[in-house]
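Structure record follows, encoded as structure tokens.
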Amino acid sequence: MLYNPSAFQEQNPEIIQAFIQAQGKGLFITSEANGLQSTFLPFVLYPHEGKNGVLRAHFARGNAHWKELRENTQCLVVFSGENGYITPSWYATKAQSGKVVPTWNYEMVEVRGVATVVEDTDWLRRLLTDLTKQHEGIRPEPWHLNDAPADFLETHMRGIVGVELVIETLEGKWKMSQNKSLEDREGVVDGLNNEADPHHNAKLGLLVNNYLTAKRSEK
44 MLYNPSAFQE QNPEIIQAFI QAQGKGLFIT SEANGLQSTF LPFVLYPHEG
94 KNGVLRAHFA RGNAHWKELR ENTQCLVVFS GENGYITPSW YATKAQSGKV
144 VPTWNYEMVE VRGVATVVED TDWLRRLLTD LTKQHEGIRP EPWHLNDAPA
194 DFLETHMRGI VGVELVIETL EGKWKMSQNK SLEDREGVVD GLNNEADPHH
244 NAKLGLLVNN YLTAKRSEK
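Residue numbers for the sequence shown follow my numbering, so the first one is 44 and each next one is one higher.
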């Protein structure tokens, strides 16, 4: 199970689902007869299907991983986002007591559920259509499945196998210095945003600041 102290737990399913949709890809992990297996897959989340949503993706047919999926196979999918090193030098506490250590800030979600292999052509076409819309939709002239020759697309579809995971549990972990004092948190944000600092990470700095601001507004 995910080590997730209460200070870092994100329990809002809407935030977790939005994170999965924003990331769009995850590490699909199973434990099979041949040991642990993993495949990095682009996923589409259908949040309103089932109790906690359904994830769908596809394997290359040549990937032996899908062949080992048995009926009722329990799976783990890990989605990870922005992350970065946090130096003790950013903490106000360093000058006050010295009682600080390095750490790492990050955001991640673990999804668990049962996977099913799908080879139905209509199902695969729907998945590819939705997956394409998910990533091409932001482009001024999005690419569509119908832009490819029909015979070429049919050949491609014969080379893939679908997988559907009905989500049983969703766990979110946002480690954003929530367990630190206000002064230390402000120091983290300032340090991450400092372009002269060797551990400068503006994306993480913005994320830490926005996340902590949102959490304060919830109280």
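Beta carbons: idealized from backbone N, C-alpha and C, even for Gly.
Using the three-state DSSP reduction, which class does residue i fall into: helix, strand or coil?
{"i": "glutamine 177", "result": "helix"}
{"i": "threonine 130", "result": "coil"}
{"i": "lysine 216", "result": "strand"}
{"i": "valine 204", "result": "strand"}
{"i": "glutamine 221", "result": "coil"}
{"i": "lysine 246", "result": "helix"}
{"i": "leucine 235", "result": "helix"}
{"i": "valine 251", "result": "helix"}
{"i": "glutamate 57", "result": "helix"}
Between the alpha carbons of residue i and residue j, how many angstroms are there, rounded?
{"i": "phenylalanine 102", "j": "proline 56", "result": "27 Å"}
{"i": "asparagine 106", "j": "histidine 199", "result": "15 Å"}
{"i": "glutamate 111", "j": "alanine 76", "result": "8 Å"}
{"i": "asparagine 189", "j": "threonine 256", "result": "44 Å"}
{"i": "tyrosine 254", "j": "methionine 219", "result": "7 Å"}
{"i": "tryptophan 186", "j": "glutamine 139", "result": "57 Å"}
{"i": "leucine 167", "j": "glycine 248", "result": "39 Å"}
{"i": "histidine 108", "j": "glutamine 80", "result": "7 Å"}
{"i": "valine 157", "j": "aspartate 233", "result": "43 Å"}
{"i": "asparagine 237", "j": "alanine 100", "result": "39 Å"}
{"i": "alanine 191", "j": "aspartate 173", "result": "16 Å"}
{"i": "serine 123", "j": "glycine 180", "result": "22 Å"}
{"i": "tyrosine 149", "j": "glutamine 221", "result": "12 Å"}
Is it true that the CB of residue j sits closer than 7 Å to the CB of residue i?
{"i": "tyrosine 134", "j": "valine 121", "result": "no"}
{"i": "leucine 21", "j": "glutamine 117", "result": "The chain is shown from 44 up to 262; residue 21 falls before or after that span and cannot be answered."}
{"i": "leucine 213", "j": "isoleucine 59", "result": "yes"}
{"i": "valine 209", "j": "phenylalanine 62", "result": "no"}
{"i": "glycine 141", "j": "leucine 170", "result": "no"}
{"i": "glutamate 125", "j": "lysine 223", "result": "no"}
{"i": "glycine 69", "j": "phenylalanine 51", "result": "no"}
{"i": "arginine 155", "j": "glutamate 207", "result": "no"}
{"i": "asparagine 244", "j": "glycine 127", "result": "yes"}
{"i": "isoleucine 203", "j": "arginine 104", "result": "yes"}
{"i": "histidine 242", "j": "threonine 73", "result": "no"}
Starting from residue i and walking both ways along the beta strand (DSSP E), at which residues does that stretch end?
{"i": "histidine 199", "result": "Where histidine 199 is concerned, there is no enclosing beta strand (DSSP E), although the alpha helix (DSSP H) it sits in stretches over 193-201."}
{"i": "asparagine 148", "result": "146-161"}
{"i": "lysine 68", "result": "68-75"}
{"i": "arginine 99", "result": "97-103"}
So is residue i buried or exposed if we call it buried at 16+ other beta carbons inside 10 Å?
{"i": "aspartate 227", "result": "buried"}
{"i": "arginine 259", "result": "exposed"}
{"i": "tryptophan 147", "result": "exposed"}
{"i": "phenylalanine 71", "result": "buried"}
Which first and last residues belong to the alpha helix (DSSP H) in which residue i is found?
{"i": "proline 85", "result": "Where proline 85 is concerned, there is no enclosing alpha helix (DSSP H), although the beta strand (DSSP E) it sits in stretches over 78-85."}
{"i": "alanine 138", "result": "135-139"}
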